[in-house]
Structure formats: structure tokens, C-alpha cells
Amino acid sequence: MRANNIHFLVVITALVFTGLLVSFILADAHIVSDLSELNDMLLILANSHHSRFMDQVMLHVGNFYFWVPFYCFLLLMALAYDKIRFMRILPFVIIYLSVQSIFLFTFNNFFKHLRPLYQQYLGLQLHISSAGKGAAYGCLPAASAAVGIALFFSLYFNQRYRLLKLILFSWAALILYSRVYNGLNYPDEIFFGALMGLTLSYMSFMAYKHYLNRYYAN
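Numbering (our numbering), first residue to last: 1 to 218.
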């Protein structure tokens, strides 16, 4: 069996077991209650460590346009690594982002709920940062795509640019943390959003590898 097929089976198996585990947890009311309390506690903890300076930092961290120079730098590094491979991988990056957007749109429409800052039992305990309260309803954050981008390009760069890989995952973690700091998402939403991003990103990269092996093996 080829390595790509093995990787794909590992991902599918992991998803199945994750689904079973989540179903088991949700079936137990006591576990759900404990997890909900832990969720609120972690949210309040992250949100409570605020200051005017950090509010401004997290406001910019969560702004897509603030990172445009970083995105350009990442694209230039990918081009410098291998121009031909970059042109071949670019469609798969677009596919990943498109599929991620579709999944997020679906989840956020079917499972949307009041965000933390709009919850009566939490609203008075949370600090409203410079980012404001945001939309009243939501679920998984669009920012979860960042961790998928970090994984995708880390796999693409293979054994090179180790410092850049560290920067990529630190960047993704900072963006996701800003969502909790600003009280826009619960920690569990960040976790499941990141898990979705990692899974879809890995599967997209495996599709890219399969494409290379099939059409450019020689």
C-alpha cells in the first residue's frame, strides 16, 4: 500500500474515532456540564488578562488586512522555494480554503448560537475589548483556516525553512487566541475549528501529492 493511501486511512480513522468520542461525551449530561464549566472558565481566564495595550494588539491581530504583508512574504517564500511546484500547489491551496469556507458556512448556519459577549450569564464577567462585540450569533471562527494554512505550507516546505514553520504556527495560534481574548468565541469552538482546518488542510495536501505522483512521477 502506498504511503499516501496509508496517510489517508490514518486521517479517516482519526476522524471516525474523534466522532465516536465526541458522541460519547455529548451523550453524558455530567460530562457536558463539566466541559461547559471548563469552557467558560478558560474563556474568562483568557479575557481577564487585558490591558489597553493588549486590546490594541489583539485588535490588529484579528484584522485580516493587518497580515497582508505577511501573506505576501509567505507567497514569495513559496515561490523562492520552487516556482514550478508553487504553481502546481496553488490550486490545492485555493481548494482547501474553498472547502473550509463551505464547511464553516454550513456549521455556522446549522449550529449558530449567541456568542459569549451576548450571553447574559457571561456578559457582565467579560471585558469588551477594542475589537467590539462582533456579530451576535456564530459558531466556528473563519480564523481557524489559519492553522490549516500553517500546516499546508509546513508540509510543502518539507525539511526546509524550519524557522518559518515555527512562525507560521505561532501566527495561527496568535490569531485563534485573539478570538478568545476578545470574547468572540469559546475555547471549544477554537479547538474544533482548528481540528477542522488541520484535517481539511492535510487532506488537500495529500490530494496534491497524489496529483504529483500521478502526473509528474517521472
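Think of the CB as a built atom: it goes at the ideal place given N, C-alpha and C, for glycine as much as any other residue.
What residue range is occupied by the uninterrupted alpha helix (DSSP H) comprising residue i?
i, result
"Q120", "120-123"
"C139", "Where C139 is concerned, there is no enclosing alpha helix (DSSP H), given that its DSSP letter is neither H nor E."
"Q148", "Sequence inspection shows Gly at residue 148; the Gln mentioned does not correspond to that position. 145-157 is the span of the alpha helix (DSSP H), which, as asked, contains G148."
"L74", "68-81"
With distance defined between alpha-carbon atoms, name the residue in the options nearest to residue i.
i, options, result
"A135", "H49, F192, N108", "N108"
"G132", "S51, G183, P187", "G183"
"F105", "Y71, Y211, Y81, S144", "S144"
"N158", "N63, R85, L42", "R85"
"Y186", "Y137, M203, F205", "Y137"
"K112", "L126, Y96, P91, L140", "L140"
"V99", "A173, L198, Y211", "L198"
"S130", "R52, L38, H210, A46", "R52"
Within 10 angstroms of the Cβ of residue i, are there 16 or more other Cβ atoms? Answer buried if so, exposed if not.
i, result
"S48", "exposed"
"M196", "buried"
"A225", "This structure gives no information on residue 225, because the portion of the chain shown stretches from 1 to 218."
"L151", "buried"
"L168", "buried"
According to DSSP, simplified to helix, strand and coil, what is residue i?
i, result
"H49", "coil"
"I128", "coil"
"K209", "helix"
Give me the DSSP bridge partner(s) of residue i.
i, result
"L164", "For L164, which the question treats as bridged, DSSP gives no partner whatsoever."
"L42", "Note: L42 sits in no beta bridge, so no partner."
"H113", "G138"
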